[in-house]
Amino acid sequence: MKRVVVTGIGVTSSIGVGVNEFWEACLNGESGISKIQKEGLELLEPKYGGQIHDFEPSHSVFINNHGEIGRGSQLLISSVRQAIENSGLHVDDYQKGDFFVGTTMGEVTVEKTNDDLHHGRKSIDAYVEQNDLKNMLVYAAREFSLQGYTSLITNACAAGNYALIQAYDQIKRGRSNIAFSAGTDPFSTVAYYGFNRLKAISPDKCRPFDKNRKGMQVAEGSACLILEELGHAINRGACIYAEIGGYGVSCDAHHITSPHPESNGIIRATTNALNAAGVRSEEVDYISAHGTGTSANDRVESSAINRIFGMDTPTSSIKSMLGHTMGAASSIESAVSCLAIRDNVAPPTINFETPDEECPIDCIPNEAREFEINTVINNSYAFGGTNASVLFKQYQG
1 MKRVVVTGIG VTSSIGVGVN EFWEACLNGE SGISKIQKEG LELLEPKYGG QIHDFEPSHS
61 VFINNHGEIG RGSQLLISSV RQAIENSGLH VDDYQKGDFF VGTTMGEVTV EKTNDDLHHG
121 RKSIDAYVEQ NDLKNMLVYA AREFSLQGYT SLITNACAAG NYALIQAYDQ IKRGRSNIAF
181 SAGTDPFSTV AYYGFNRLKA ISPDKCRPFD KNRKGMQVAE GSACLILEEL GHAINRGACI
241 YAEIGGYGVS CDAHHITSPH PESNGIIRAT TNALNAAGVR SEEVDYISAH GTGTSANDRV
301 ESSAINRIFG MDTPTSSIKS MLGHTMGAAS SIESAVSCLA IRDNVAPPTI NFETPDEECP
361 IDCIPNEARE FEINTVINNS YAFGGTNASV LFKQYQG
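If you're matching positions, the sequence shown starts at 1 in the working numbering and goes up one per residue.
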């Protein structure tokens, strides 16, 4: 089996467009939450989310007509372009790469269709047909002339990790030397209404693991990681952020929206990741939590962390800063995992004020923390009880 390393990263988020801007904001504990600017939410409360206000698609979309493709594709192309530039890959190399993308809402064409009908149009706008879910792959592949295996994964809020897992397996089994792993989601009115009906949205701040947490905040974003076979990366003199040690997946088989109250599925996924990597729980230095800020999710995740790692393993949730970027969330958090290993610093969980006896973990409250980080677990969970944990470790020759 081949060894797989991360050699390129791109991030487009509400706290920064570009990996350096994003990472600096992360470590400074900046918030990307603002008043929502989107038609159709005027009568709904609360009105806050993680929209990206300083993103200009024409700066990264060159081959496609950026005005004709959906925002999810625009965000995706932005992050892929950043990752390619960050990796230093030559065009002849990356064009042969495989391409895996995770998303929850896709291009939210159902919203566009509703808008068309609401405004009295008799036919569906061409945008809807052009931006069918599957076409996200087409636009990105066309933008970069990607000619390898392509796959779109829609495992809800774990989709980014599942995309990474497929990319990892492709290289691990010797089928490819280069694979793109990405996640993307635009801001969705449907997602906002849905989570609001579930009473899962916080009226002000997202406070993961805080006793007074009141829910999540819907957001948008994208991230791309470039994975390479180790020998290929070494031969071209690539900068290696981290090595992927292994992964674990599971399904709670319990409830469509609620996690298993005893953390069974979460524990299986994390334990499988540790076993696949040959790493003991006490060797994990940092946990990038799913940490949505909802009551049940944080309680169940904290329980799993305690049962596997104990109370003292540093853990944080960047959703406190970004909000929940749906299918992009675990892709962005994978980028954080690699950057934490590179710089030996973990981002904080901001907005934390009151400890919760049901979440007795070290959530790195409010300020980034410097310490030696060699091994990171990145957790992601989704509706339907779909769980995925990925273990990243410092590359050692």
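Cβ atoms here follow ideal geometry from the backbone N, Cα and C, with glycine treated the same way. From a predicted model like this one, the values you see are computed outputs, not experimental measurements.
* **DSSP three-state assignment for residue 64, whether helix, strand or coil** => Coil at residue 64, not helix or strand.
* To do: Mind checking who residue 228 pairs with in its DSSP beta bridge?
  => In the DSSP output, where bridge partners are listed per residue, residue 228 has 5, 178.
* Asked: For residue 311, which of helix, strand or coil comes out of DSSP?
  -> Reduced to three states, the DSSP call for residue 311 is coil.
* **Close Cβ partners of residue 256 (< 7 Å) along its chain, the five nearest in sequence each way excluded** => Residues of the same chain with a CB within less than 7 Å of the CB of residue 256, apart from the 5 flanking positions on each side, are 383, 384 in chain order.
* On the premise that residue 242 lies in contact with residue 5, defined as a C-beta separation below 8 Å, what is that separation, rounded to the nearest angstrom? -> About 7 Å separates the CB atoms of residue 5 and residue 242; that is less than 8 Å, so the two are in contact.
* Asked: Buried or exposed: where does residue 211 fall if 16 or more other Cβ atoms within 10 Å of its Cβ makes it buried?
  -> Exposed, since its Cβ has fewer than 16 Cβ neighbours within 10 Å.
* First and last residue of the uninterrupted beta strand (DSSP E) at residue 101 -> Its beta strand (DSSP E) spans residues 98–102.
* Asked: Which residue or residues does DSSP assign as beta-bridge partners of residue 399?
  -> The requested residue 399 is not part of the displayed model; the chain covers only 1 to 397.
* To do: With DSSP as the reference, please indicate the residues paired to residue 216 in a beta bridge.
  => In the DSSP secondary-structure assignment, residue 216 is bridged to 201.
* **Straight-line gap, residue 2 to residue 234 (C-alpha atoms, nearest Å)** => Residue 2 and residue 234 have their alpha carbons spaced roughly 13 Å apart.
* To do: Answer with buried or exposed for residue 396, where buried requires no fewer than 16 other C-beta atoms within 10 angstroms of its C-beta.
  => By the 10 Å Cβ count, residue 396 comes out exposed.
* Per-residue burial, residue 252 [other beta carbons within 10 Å of its own, 16 or more giving buried] -> So residue 252 counts as buried.
* **Whole-angstrom distance between residue 232 and residue 192, CA atom to CA atom** => Residue 192 and residue 232: Cα-Cα distance of roughly 43 Å.
* Asked: Are three or more beta carbon pairs between the segment 345–360 and the segment 64–73 nearer than 8 Å?
  -> The segment 64–73 and the segment 345–360 do not touch, with fewer than three beta-carbon pairs separated by less than 8 Å.
* My guess is that residue 208 and residue 317 are in contact by the Cβ rule of under 8 Å, so how many angstroms apart are they, rounded? -> Contact holds; Cβ gap of about 4 Å.
* To do: Return yes when the Cβ of residue 216 is within less than 8 Å of the Cβ of residue 226, no when it is not.
  => Not in contact: residue 226 and residue 216 (Cβ atoms no closer than 8 Å).
* When the Cβ atoms of the segment 56–70 are set against those of the segment 86–100, are three or more pairs found closer than 8 Å? -> Pairwise C-beta distances place the segment 56–70 out of contact with the segment 86–100, as fewer than three of them are shorter than 8 Å.
* Go to residue 270, then tell me how far its beta strand (DSSP E) extends in each direction, as first and last residue. => Taken as a continuous stretch (DSSP letters only), residue 270 belongs to no beta strand (DSSP E), being part of the alpha helix (DSSP H) at 264–277.
* To do: Provide the residue span of the beta strand (DSSP E) that contains residue 382, from first to last.
  => Start and end: 375–382.
* Is residue 34 close to chain D, meaning its C-beta is less than 8 Å from at least one C-beta of that chain? -> Checking the listed chains, one finds no chain D in this structure; it contains a single protein chain.
* Inter-stretch contact at 8 Å, needing at least 3 Cβ pairs: the segment 154–164 / the segment 331–345 -> Contact between the segment 154–164 and the segment 331–345 is present: three or more C-beta pairs spanning the two stretches fall below 8 Å.
* Is residue 83 near residue 224, with beta carbons less than 8 Å apart? -> For the 8 Å CB-CB criterion, residue 83 and residue 224 form a contact.
* Asked: With 16 as the cutoff for other CB atoms within 10 Å, does residue 356 come out buried or exposed?
  -> Counting Cβ neighbours within 10 Å, residue 356 comes out buried, since at least 16 surround it.
* Figure out for me which residue from 179, 165, 139, 135 has the closest Cα to the Cα of residue 148. => For residue 148, the closest C-alpha among the options 179, 165, 139, 135 is that of 179.
* Helix, strand or coil for residue 393 per DSSP? -> Here residue 393 sits in strand by DSSP.
* Below 8 Å between beta carbons: does that hold for residue 17 and residue 165? -> Not in contact: residue 17 and residue 165 (Cβ atoms no closer than 8 Å).
* Asked: So is residue 378 buried or exposed if we call it buried at 16+ other beta carbons inside 10 Å?
  -> Residue burial is scored here from C-beta neighbours: residue 378 has at least 16 other C-beta atoms within 10 angstroms and is therefore classed as buried.
* Thinking residue 297 and residue 259 are a contact (beta carbons under 8 Å), I'd like their distance in whole angstroms, please. => 6 Å between Cβ atoms; contact.
* Run through DSSP, which three-state label would residue 299 get? -> Correct three-state label for residue 299: helix.
* Asked: In or out: residue 54 buried (at least 16 other Cβ within 10 Å) or exposed?
  -> Around the beta carbon of residue 54, a 10 Å sphere encloses fewer than 16 other beta carbons of the protein chains shown; the residue is thus reported as exposed.
* Euclidean distance between Cα positions of residue 239 and residue 9 -> Distance between the alpha carbons of residue 239 and residue 9 is about 11 Å.
* Asked: In three-state DSSP terms, what is residue 388?
  -> In the structure shown, residue 388 falls within a strand segment according to DSSP collapsed to helix, strand and coil.
* Asked: Should residue 117 be labelled buried (16 or more other beta-carbon atoms within 10 Å of its own) or exposed?
  -> Its pLDDT being 46, under 50, residue 117 is placed unreliably in this model, and the coordinates cannot settle the point.
* **Beta bridge counterpart(s) of residue 35 as assigned by DSSP** => Bridge pairing for residue 35: 48 [DSSP].
* Within 10 angstroms of the Cβ of residue 268, are there 16 or more other Cβ atoms? Answer buried if so, exposed if not. => So residue 268 ends up on the buried side.
* Determine the direct distance from the alpha carbon of residue 36 to that of residue 277, and round the result to whole angstroms. => C-alpha of residue 277 to C-alpha of residue 36: approximately 42 Å in a straight line.
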